[in-house]
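K.L.:
Protein chains in written order, with my numbering: chain A, 6 to 152; chain B, 116 to 1072.
Just so it is clear, CB atoms sit at the ideal spot from N, CA and C, and this is done for glycine as well.
Have a look at this one before I ask anything.
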């Protein structure tokens, strides 16, 4: 396991979430699940984060925010869509102001469906995301070597 | 001798010419040519006299009719006094006491002139190294300022069209002033010196009132009144010396007077009052602030680099008289109170000129403190302060003047991003500010030696060092705030027009001089200052070689820092600053909930905590009380030894002989020092990283969680190092390298057994670099973090210095080696200091309730404050530097228990556990409550402990 897999720092952004998934994300940090066991920290700052957790669908109001946060994260980075709204837009998909899931705006690496997702599912999804993160880190290393 | 006379008399020629010449081109020519001549003459005088023993000259030997000169000067005096009274009448001042005082002075001087019984003065001129240093300052900086005035006053007249053009008067008075300054520093006959003293008072009156506006005239009268009040002290001193003093000590010869030693206390104190007024010390300080209405060259010439220096010059001359006496101690207290109060007030100002004015008063207060203490070490520090202040302050004043004419504002907030839009002016500002406070630049060297000198004030309570400890923290804050504004990379206000050629030439010259003074300080320390001290005190060796060595290494680091730019990765990806994702194109505004809003980064000015007016009023009252005590003590003063000067000289010579110069920082051998440094550089991150891991596990356990593995912090850093370099601008990561370098350096000095004060200063410099790094991006989160970090430094700094001081009293040394190897049970003597240090340890370790600038916790409300805009490798470096910091701080705790390593280790572990517990069981405080609580604890526990300590030790040991 590389350092990336041992120290994934996450940034959590609630797009149009109803807060159901958000509460489950925060539940992962509580003593019951304690994701800090795996070195996971909720940083609250895109410049420090490796993994972007997004809950809720993307709409006109938050599209630029999602884009900005993603752009401000340094490579390598992974995006995880949490909940069915973030995955596909969910029940809000047909709304007049909704673009759809997170992948309508930025590339998504892992989808975690559910309404709301269970903490176990979120942890599973993040662990899956770690694999992607390691791949991207390896690619970045290769790129650096070539440059 | 002729060159000295030339210096005094020559400036009168341009003064007369400029009074009549109205043509602009001719005037410019005259000013430039005379400035060049004066500068050349002062350098010539320096080459002749610098580093030589003091000499006096008898004017009669070259055929000057002394008596005629004396009468002429007295006539001038009378004419001057009457002219000033006429001005008071013409301008209808309501302050009737000013003309009354002037007339009283005239009466006294008449009595002195015609009824005196003093022995005739054998030598009218005297020159020593201190005088030559002053000559250089006046000759080079003073004349450079007049050249600056050529372009500046053209703009001034342009900006103030409608007013009549008074430049003839202006430049004429400027040169008259230079002549008077030369006379003050070179004359040996006190009655003559008094005339020129009064000329500077009148010149400043005319120059401050230059614009004739109501405000300017009012302030001019304030200056006149307060300086005349001080000048009366001088006049009374002359009266004492000719009529009232015991027969044996009646003399107007300065050299003879100084040779009397403590018997000269009364005239010395009377002249000191005049010096205090001229140096704008507290109760008289109001005039200097009012003087800021004058055109910038006036502020620079009179109120920063030369005239106020005349005040401290006379105080420094009389310093040997004050050595180890109660009046001297009270004088030093007055300087110390001035330093503390004006530093605090300067922090609350955003008007650049007022910041400069208050910091001028503060620095002069420091010099007064040195003069009052009067030991050779203190005078050494005082002269150093005087030199660096003169150079750097002149540069700063002129730069601010130039900036004001370009961007139309003298507000520090408006200098945001100046480095990007006005590179030259901003660089001058940066060099000036660095020259004023940043280690290892001049002021810090001087402040350091000042603290060392103040630690030893003999039988008096060590209040002075406490004042210095509290006063130096605010200076750090306001300079860094200003510097931070200037270096921010943001679309600043470029303003209009180019800087006139004369102005840029002078600014460049002064910037080079500041750098040169910094680089050459060992040279003039040994060839000017120390030879002067040797002449006054006998053999002295105030500056150990080891300190010079460390300072030179630090200086080298500072100068080598720009090379770090080459170390920065070439491939930094630039991203937008963090604005909670709501950035609007251009990143200067964000999408708010109601409307698009521009971002604004204002500094903290602590108006509520430190109301300027109330603070000044109270301190003026306090200063009058001190002054009254000073007068009372002086009146009842009994000289200890008849010929004290020789006794003091021999005592200090003996003391100097005892302290053999040490070339290396400690008693370690070279290889041991290298080994200790290496052990720290490699070992500290290992230890610090493990501590951080243990901290996280402990925290998790306290919250009922399992927590990460012990090595988690290392994984974090390893990951951060592999991330892509991302930055908001190309410069911010450079400051992080500075932070790391100086933090490591401070730890190395500490663990290699070096000087504790230097360690603390290097540590502070590291912190300043981090703050500047956070200032560099134009990001509100990062700026708030930077501000809060500064506030944290403000909260910690006094206690750190007091801790060093307390340890010094117990062990008799500032060297960490001595502190570590002493058998003394430091903690028994220093319980209060330990409490204070433990309190600020929470701040330094960035633990709750004091994790304001940035936090390791998830409950951050301002994202990550200080570190918001740092990512990847630079964030890793900040983390590693923080490990170094933690190890250093814990090392400091160790010192208190150093007599037994087992107890010390246990104490460190218990301390750390307690910190973690506090961290997890308290909520974060606001900035003001942090400042209040930490300063209260510092005062109640730290300062009280330090003040009673010398008495305790004497009583018990």
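I'd like the ranges of any alpha helix (DSSP H) spanning at least 4 consecutive residues and lying wholly in the stretch 943–985 of chain B.
P.N.:
946–959
K.L.:
Hey, how far is the Cα of residue 429 of chain B from the Cα of residue 369 of chain B?
P.N.:
11 Å
K.L.:
Do residue 509 of chain B and residue 420 of chain B count as a contact pair if the criterion is CB distance below 7 Å?
P.N.:
Cβ distance < 7 Å, so residue 420 of chain B and residue 509 of chain B count as in contact.
K.L.:
Considering only residues of the stretch 216–274 of chain B, which uninterrupted alpha helix (DSSP H) runs meet the minimum length of 4 residues and lie entirely inside it, listed in chain order?
P.N.:
244–251, 258–274
K.L.:
With respect to the beta strand (DSSP E) encompassing residue 711 of chain B, which residues constitute its N-terminal and C-terminal limits?
P.N.:
711–713
K.L.:
With 16 as the cutoff for other CB atoms within 10 Å, does residue 715 of chain B come out buried or exposed?
P.N.:
Exposure of residue 715 of chain B is indicated by the presence of fewer than 16 other C-beta atoms within 10 angstroms of its C-beta.
K.L.:
Are residue 22 of chain A and residue 61 of chain A closer than 7 Å when you measure CB to CB?
P.N.:
yes
K.L.:
Give a yes or no on whether 7 Å exceeds the smallest Cβ distance from residue 147 of chain A to chain B.
P.N.:
Chain B contact via Cβ: absent.
K.L.:
Taking 8 Å as the threshold, find out whether the stretch 88–96 of chain A comes into contact with the stretch 115–122 of chain A through three or more Cβ pairs.
P.N.:
yes
K.L.:
For residue 50 of chain A and chain B, any beta-carbon pair shorter than 7 Å?
P.N.:
yes
K.L.:
Which of the three DSSP states is assigned to residue 473 of chain B in this structure?
P.N.:
helix
K.L.:
Could you run through the stretch 7–18 of chain A and flag, in chain order, every residue whose CB is less than 7 Å away from some CB of chain B?
P.N.:
8, 9, 11, 12
K.L.:
Provide the residue span of the beta strand (DSSP E) that contains residue 171 of chain B, from first to last.
P.N.:
170–172
K.L.:
Residue 984 of chain B touches chain A at which residues, Cβ-Cβ below 8 Å?
P.N.:
52
K.L.:
Is the CB of residue 77 of chain A under 7 Å away from at least one CB in chain B?
P.N.:
yes
K.L.:
According to a CB-to-CB cut-off of less than 9 Å, which residues of the stretch 312–329 of chain B neighbour chain A?
P.N.:
Cβ contacts with chain A: none found.
K.L.:
Which residues does DSSP pair with residue 57 of chain A in a beta bridge?
P.N.:
A:16, A:84
K.L.:
From the DSSP output, which residues share a beta bridge with residue 705 of chain B?
P.N.:
B:698, B:712
K.L.:
Inspect the CB distances between the stretch 981–998 of chain B and the stretch 828–848 of chain B and report whether three or more fall short of 8 Å.
P.N.:
yes
K.L.:
Just to confirm the assignment: which complete beta strand (DSSP E) runs, minimum length 3, are found wholly within the stretch 118–198 of chain B?
P.N.:
Given a length threshold of 3 residues, each whole run of the beta strand (DSSP E) inside the stretch 118–198 of chain B is given here in chain order: 170–172.
K.L.:
Please tell me whether residue 890 of chain B and residue 603 of chain B are closer than 7 Å, where the distance is taken between their beta carbons.
P.N.:
yes
K.L.:
Determine the direct distance from the alpha carbon of residue 138 of chain B to that of residue 129 of chain B, and round the result to whole angstroms.
P.N.:
14 Å
K.L.:
Using the Cβ count rule (16 or more neighbours within 10 Å means buried), how would you classify residue 26 of chain A?
P.N.:
buried
K.L.:
Can you check which of these residues, B:690, B:426, B:866, B:946, is closest to residue 1062 of chain B by C-alpha distance?
P.N.:
B:946
K.L.:
Helix, strand or coil: how does DSSP classify residue 438 of chain B here?
P.N.:
coil
K.L.:
List the endpoints of the continuous alpha helix (DSSP H) containing residue 498 of chain B.
P.N.:
491–522
K.L.:
So, is residue 65 of chain A buried or exposed, given that buried needs 16 or more other C-beta atoms within 10 angstroms?
P.N.:
Exposed.
K.L.:
Assuming residue 234 of chain B and residue 365 of chain B make a contact with CB atoms under 8 Å, what is their CB distance in whole Å?
P.N.:
7 Å
K.L.:
If you run the structure through DSSP and keep just helix, strand and coil, what is residue 38 of chain A?
P.N.:
coil
K.L.:
Identify which residue in B:1015, B:294, B:696 has its Cα closest to the Cα of residue 67 of chain A.
P.N.:
B:696
K.L.:
How far does the beta strand (DSSP E) with residue 105 of chain A in it extend, from its first residue to its last?
P.N.:
103–105
K.L.:
Going along chain B, which residues have a C-beta under 7 Å from residue 36 of chain A?
P.N.:
One finds 818, 819, 820 in chain B with Cβ atoms closer than 7 Å to the Cβ of residue 36 of chain A, taken in chain order.
K.L.:
Using 7 Å as the limit for Cβ to Cβ distance, is residue 41 of chain A near chain B?
P.N.:
yes
K.L.:
By the three-class DSSP mapping on this structure, what secondary structure does residue 124 of chain A have?
P.N.:
helix
K.L.:
Tell me the rounded alpha-carbon separation between residue 776 of chain B and residue 125 of chain B.
P.N.:
In this prediction, residue 776 of chain B has a pLDDT of 39, which is less than 50 and means its spatial position is unreliable; what the coordinates show is noted afterwards. Distance between the alpha carbons of residue 776 of chain B and residue 125 of chain B: 44 Å.
K.L.:
What are the start and end residues of each continuous alpha helix (DSSP H) run of 4 or more residues lying completely inside the stretch 293–381 of chain B, in chain order?
P.N.:
305–323, 329–354, 369–374
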